[in-house]
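Student:
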Amino acid sequence: MLALLICVIHLLSSARSKPHYTETYGSITAGITGGAGLKKQFVSSLLGLLFGLLLSLQPGCSVYPLAYVVVNSEKLEHRPGIHLLDPNNTPYSIKVIKRKDGTTDYFWDIDSTIEQPKACRIKYHTLYSTNRFMVVEGRLGDGKKKYPVVLDTGASQSVFVKDTHILENNLAIYPMHTSKPNGYSLGTCHLPELHLGSIKLVDWPCLYLHRPIKPKMLGLSFAKDDSIIVGLPLLREFKYILFDSINKEVEFSHEELFEPQQPQFWEQYQFSIEEDFHGNAFLFVEIPIGSEKIELQLDTGSGNGLAIREELWENLPEKIRSVKLKKGKELYPYIGRLKCRRGIIEELQFSNRTIKKTRISVFPNDSPLLEECQGMIGMDCFRDTVIVLDFENEIMWVKNTQS
Numbered sequence: 008m009l010a011l012l013i014c015v016i017h018l019l020s021s022a023r024s025k026p027h028y029t030e031t032y033g034s035i036t037a038g039i040t041g042g043a044g045l046k047k048q049f050v051s052s053l054l055g056l057l058f059g060l061l062l063s064l065q066p067g068c069s070v071y072p073l074a075y076v077v078v079n080s081e082k083l084e085h086r087p088g089i090h091l092l093d094p095n096n097t098p099y100s101i102k103v104i105k106r107k108d109g110t111t112d113y114f115w116d117i118d119s120t121i122e123q124p125k126a127c128r129i130k131y132h133t134l135y136s137t138n139r140f141m142v143v144e145g146r147l148g149d150g151k152k153k154y155p156v157v158l159d160t161g162a163s164q165s166v167f168v169k170d171t172h173i174l175e176n177n178l179a180i181y182p183m184h185t186s187k188p189n190g191y192s193l194g195t196c197h198l199p200e201l202h203l204g205s206i207k208l209v210d211w212p213c214l215y216l217h218r219p220i221k222p223k224m225l226g227l228s229f230a231k232d233d234s235i236i237v238g239l240p241l242l243r244e245f246k247y248i249l250f251d252s253i254n255k256e257v258e259f260s261h262e263e264l265f266e267p268q269q270p271q272f273w274e275q276y277q278f279s280i281e282e283d284f285h286g287n288a289f290l291f292v293e294i295p296i297g298s299e300k301i302e303l304q305l306d307t308g309s310g311n312g313l314a315i316r317e318e319l320w321e322n323l324p325e326k327i328r329s330v331k332l333k334k335g336k337e338l339y340p341y342i343g344r345l346k347c348r349r350g351i352i353e354e355l356q357f358s359n360r361t362i363k364k365t366r367i368s369v370f371p372n373d374s375p376l377l378e379e380c381q382g383m384i385g386m387d388c389f390r391d392t393v394i395v396l397d398f399e400n401e402i403m404w405v406k407n408t409q410s
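Sequence positions in the sequence shown follow this note's numbering and run 8 to 410.
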């Protein structure tokens with residue numbers, strides 16, 4: 008659901024050496040070290056941070072434009088009952104440095120852990136039936152209320168929440184002072200625990216966007232949205248995550264490696280996790296479509312099929328390009344409605360699999376959605392099968408259920 012607008016600028020190596028990697032949010036950089044927990048140290052330079060963040064929260068939103076913005080008629084920190092984080096108190100340690108050029112750097116660190124006794128399966132949330140993105144049910148702390156939790160490889164940071172979660176669960180926040188491009192401000196909040204089935208995610212970095220105006224943005228209402236986003240930097244800490252769209256279940260494993268039963272029924276595709284110059288993480292996989300191998304961003308938070316550039320469309324096999332495309336627009340909140348041509352591919356050959364009725368959107372080469380990448384692939388292309396993101400070996404396994 009979140010994914011990328013600026014896509015990935017291929018400057019940094021995709022190689023992942025454990026137990027250390029770097030992640031960022033806009034210009035927030037984070038170093039992670041091993042041990043009993045993960046020590047997160049963040050640096051935020053807010054010149055361009057918010058703009059970069061908004062750009063990274065896009066593709067899946069065309070299907071489920073709900074997950075990332077806090078909507079209120081006043082500043083969140085001024086609302087009754089809101090608690091502010093003490094920058095000198097645990098678990099967060101926050102340091103603020105004002106630069107001569109007018110920008111502000113925020114440094115903070117926090118210990119993060121994943122507690123999971125053994126691999127477990129969790130049923131898809133009912134939202135999957137209409138939206139096709141990967142979503143399960145979760146709860147915050149010891150609260151009884153359950154929320155949809157979108158598992159989003161297109162989200163470049165660990166966790167995103169909204170004011171609903173902050174208000175209903177008494178989460179402490181730390182607003183960041185920005186120039187508020189497009190009316191948005193950014194903050195972090197302390198999320199002590201997020202529960203997914205038997206999994207407990209403790210003290211993971213959590214960010215929120217706040218728009219202090221009650222918008223009627225593009226005719227959408229965000230008032231009833233209570234989804235939480237879990238992004239790639241957190242998801243990649245599992246050894247593997249399995250998405251079973253046949254039985255409508257997700258399997259998580261923090262300690263055990265993935266070993267496929269009947270390996271002859273599985274196909275393997277190497278993927279890489281890359282970071283842009285801000286450090287936002289993105290997952291790319293080389294997909295065989297027709298006779299072509301194409302590197303696409305995998306967006307498990309999107310229920311779409313393919314979203315590609317015009318130049319890539321022109322290079323696809325004639326059989327695929329025989330699809331009749333109609334002019335239209337795709338909605339991407341925080342940006343607007345983007346012009347594209349849309350259609351349905353009746354049969355799309357995906358290595359040894361045939362996918363029926365795949366949705367495709369073709370965007371102009373200069374579309375802001377695909378500035379630095381060829382295209383994206385969403386979970387509509389895997390609605391009839393099982394896929395595994397093997398983070399330990401950087402392999403995407405796809406089960407050929409048609410064999």
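Quick reminder that beta carbons are idealized off the backbone N, C-alpha and C, glycines included.
1) Using a Cβ-Cβ distance under 8 Å, would Asn95 count as near chain C?
2) If you reduce the DSSP assignment to three classes, tell me which class Phe389 lands in.
3) Give me the Cα-Cα distance between Val143 and Phe278, rounded to the nearest whole angstrom.
4) Measure from the alpha carbon of Pro155 to the alpha carbon of each residue in Ser165, Ser163 and Tyr135, then state which is nearest.
5) Could you say which of Gly385, Gly109 and Leu198 lies nearest to Ala314 if we only look at CA atoms?
6) Do you know whose CA, among Glu401, Val393, Ile104 and Phe114, lies nearest Arg254's CA?
7) What is the rounded straight-line gap between the Cα of Thr120 and the Cα of Asp210?
8) Cutting at 8 Å between CB atoms, please list the residues of its own chain near Glu418, excluding the five before and the five after it.
9) Which residues share a DSSP beta bridge with Ile236?
10) Let me know if Gln123 comes out buried or exposed under the rule of 16 or more other beta-carbons within 10 Å of its beta-carbon.
11) Which stretch, first to last residue, makes up the alpha helix (DSSP H) that contains Ile296?
12) Closest to Tyr113 by C-alpha separation, out of Gly310, Glu318 and His184, would be which residue?
13) Taking the alpha helix (DSSP H) that Leu319 belongs to, which residues open and close that run?
14) What is the rounded straight-line gap between the Cα of Ile352 and the Cα of Met141?
15) Asp391 to Leu355, Cα distance in whole Å?
16) With a threshold of 8 Å, are at least 3 pairs of Cβ atoms found where one atom belongs to the stretch 358 to 367 and the other to the stretch 237 to 244?
17) Determine which residues share a DSSP beta bridge with Phe278 and list them.
18) For the stretch 325 to 376, list the beta strand (DSSP E) runs that are entirely contained and at least 3 residues long, ordered along the chain.
19) What distance in whole Å lies between the Cβ atoms of Phe289 and Leu303, which are believed to be in contact at a cut-off of 8 Å?
20) Measure the alpha-carbon distance for Gly109 versus His172 and round it to whole angstroms.
21) Using only the alpha-carbon positions, how far apart do Arg316 and Lys151 sit?
22) Per DSSP, Gln304 forms a beta bridge with which residues?
23) Sorry if obvious, but does the Cβ on Met141 come closer than 7 Å to a heavy atom of the ligand MN?
24) Taking the beta carbon of Lys406 as the centre, do at least 16 other beta carbons fall within 10 Å, making it buried, or is it exposed?
25) My output table needs one value for Leu441: the three-state DSSP class, helix, strand or coil.
26) Excluding five sequence neighbours on each side, which residues of the same chain lie with their C-beta closer than 6 Å to the C-beta of Leu249?
27) With DSSP run on the structure shown, which of helix, strand or coil describes Ser100?
28) Identify the continuous alpha helix (DSSP H) that holds Thr137 and give its terminal residues.
29) Would you check if the distance between the CB atom of Gly312 and the CB atom of Arg366 is smaller than 8 Å?
30) Measuring only the C-alpha atoms, how far is Thr97 from His217?
31) Buried or exposed: which applies to Asp170, given that a residue is buried once 16 or more other Cβ atoms fall within 10 Å of its Cβ?
32) Just mark Pro324 as buried or exposed, buried being the case when its beta carbon has 16 or more other beta carbons within 10 Å.
33) Look at the alpha carbon of Leu214 and the alpha carbon of Ser260, and state the distance between them as a whole number of angstroms.
34) Are Trp115 and Ile101 touching if we call contact CB-CB under 8 Å?
35) Taking all protein chains shown into account, decide if Lys221 is buried (16 or more other Cβ within 10 angstroms of its Cβ) or exposed.
36) Determine the closest residue to Ser202 out of Thr408, Gly194, Val237 and Cys196, with distance taken between C-alpha atoms.
Tutor: Looking at the atomic coordinates:
1) The structure shown has no chain C; it contains just one protein chain.
2) Reduced to three states, the DSSP call for Phe389 is helix.
3) Roughly 24 Å separates the two Cα atoms.
4) Across the set Ser165, Ser163 and Tyr135, the C-alpha of Tyr135 shows the shortest separation from the C-alpha of Pro155.
5) Gly385
6) In the sequence under discussion, the amino acid at residue 254 is Asn, which differs from the Arg named in the question. Nearest option by C-alpha distance: Val393.
7) 7 Å
8) Because the chain here runs from 8 to 410, residue 418 falls outside it and cannot be looked at.
9) Val157 and Phe167
10) buried
11) Where Ile296 is concerned, there is no enclosing alpha helix (DSSP H), although the beta strand (DSSP E) it sits in stretches over Ala288 to Ile296.
12) Taking only the C-alpha atoms, the option nearest Tyr113 is His184.
13) Glu317 to Asn322
14) 22 Å
15) Going by the C-alpha atoms only, they are around 13 Å apart.
16) no
17) DSSP, once it has assigned bridges, lists Val292 as partnering Phe278.
18) Taking only runs of at least 3 residues, the beta strand (DSSP E) segments lying wholly in the stretch 325 to 376 are 333 to 339, 343 to 357 and 360 to 370.
19) The Cβ separation is near 11 Å, so there is no contact.
20) 32 Å
21) 44 Å
22) Gln304 pairs with Phe291 and Met383.
23) Among the ligands in the structure shown, none appear at all, so the ligand MN cannot be discussed.
24) By the neighbour-count rule (16 or more Cβ atoms within 10 Å), Lys406 is buried.
25) For the chain, the structure presents residues 8 to 410; residue 441 sits outside this window and is missing.
26) Glu258 and Val395
27) Look at Ser100 here: in three-state DSSP terms it is strand.
28) Tyr135 to Asn138
29) yes
30) In this structure, the CA atom of Thr97 is about 24 Å from the CA atom of His217.
31) buried
32) exposed
33) 25 Å
34) yes
35) The predicted position of Lys221 is uncertain, since its pLDDT is 48 and thus under 50; no value can be drawn from it.
36) Note that residue 202 corresponds to His in the displayed sequence, not to Ser. The residue among Thr408, Gly194, Val237 and Cys196 with its C-alpha nearest the C-alpha of His202 is Val237.
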